[in-house]
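In the UniProt record's numbering, the protein residues as written are 1 to 231. By construction, the Cβ of each residue, glycine as well, lies at the ideal position given by its N, Cα and C atoms. What follows is one structure encoded as structure tokens, with my remarks underneath.
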């Protein structure tokens with residue numbers, strides 16, 4: 001969505017909604033060109049042809065914009081996995097379903113680098129410059145997404161149970177953000193790895209590391225659930 005080069009105040013609710021959507025679309029486009037850390041409110045305002053103060057009429061901060069994009073991307077991931085998980089586990093014996101579910105989730109995240117970058121910045125950056133109202137709205141949306149995904153996992157791996165499926169989703173989210181951050185080190189860290197091959201073990205490859213970690217996490221939760229059942 002494009003805006004006129006000269007700012008015009010949005011007067012109706014429809015105009016305000018259109019202005020908000022244009023800001024979100026511009027921020028989403030920026031995230032395809034640069035990491036979260038480089039997205040600034042000034043550049044966002046320039047791209048939507050608004051003064052920075054006018055952008056703040058619609059979103060209280062840069063972080064509020066990015067949290068809304070994180071929610072949108074998370075919702076899209078859950079919708080994608082609704083069918084992808086079913087295809088992944090189809091015809092699989094019980095012993096293989098956990099690994100297939102973990103691998104399917106890992107691949108879906110690998111295919112969504114912008115989402116992973118947002119998750120990686122969520123707790124340390126995006127949740128730090130928002131009001132309690134924005135924080136609560138985001139957390140309610142995040143809870144809904146996590147609950148929906150946990151429900152999908154429970155359908156395909158009922159042996160795990162709803163509580164542990166939800167625990168897996170929360171842990172997988174935290175793990176994906178941490179692995180993403182470690183797999184994308186600063187220029188100084190990359191130079192250090194290149195200069196000293198003995199440090200190579202500390203430079204992780206995102207896709208295989210995430211998949212293995214999620215497989216271990218889910219299989220561990222499943223084993224504990226089996227062990228806790230009455231004899």
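| query | result |
| --- | --- |
| Limits of the unbroken alpha helix (DSSP H) element including residue 138 | 132-156 |
| Assigned secondary structure, residue 55 (DSSP; H/G/I helix, E/B strand, else coil) | helix |
| Contact check, residue 81 vs residue 108, beta carbons under 9 Å | yes |
| Burial state of residue 216 (16 or more Cβ within 10 Å) | exposed |
| Burial state of residue 190 (16 or more Cβ within 10 Å) | exposed |
| Reduced DSSP secondary structure (H/G/I, E/B, other) of residue 71 | helix |
| Selected residue, minimal CA-CA separation from residue 137, among 228, 152, 46 and 71 | 71 |
| Limits of the alpha helix (DSSP H) - the one that residue 127 falls within | Unbroken run through residue 127: none, as it is neither H nor E. |
| Simplified DSSP assignment, three categories, for residue 44 | helix |
| Nearest-angstrom Cα separation, counted from residue 226 out to residue 34 | 44 Å |
| Delimiting residues of the alpha helix (DSSP H) encompassing residue 227 | 206-227 |
| Minimum C-alpha distance to residue 213 - residue among 203, 176 and 201 | 176 |
| Check whether residue 183 and residue 204 have beta carbons under 9 Å apart | yes |
| Length of the line joining the Cα atoms of residue 157 and residue 209 | 23 Å |
| Residue burial classification, residue 120 (beta-carbon count within 10 angstroms, cutoff 16) | buried |
| Residue 6 to residue 28 span [Cα, whole Å] | For residue 6, the pLDDT reaches just 45, beneath the cut-off of 50, and the residue's location in the model is therefore unreliable, leaving the point undetermined. |
| 8 Å CB neighbourhood of residue 86 in its chain, flanking five on each side removed | 156 |
| Collapsed DSSP secondary structure at residue 117 in the structure displayed | helix |
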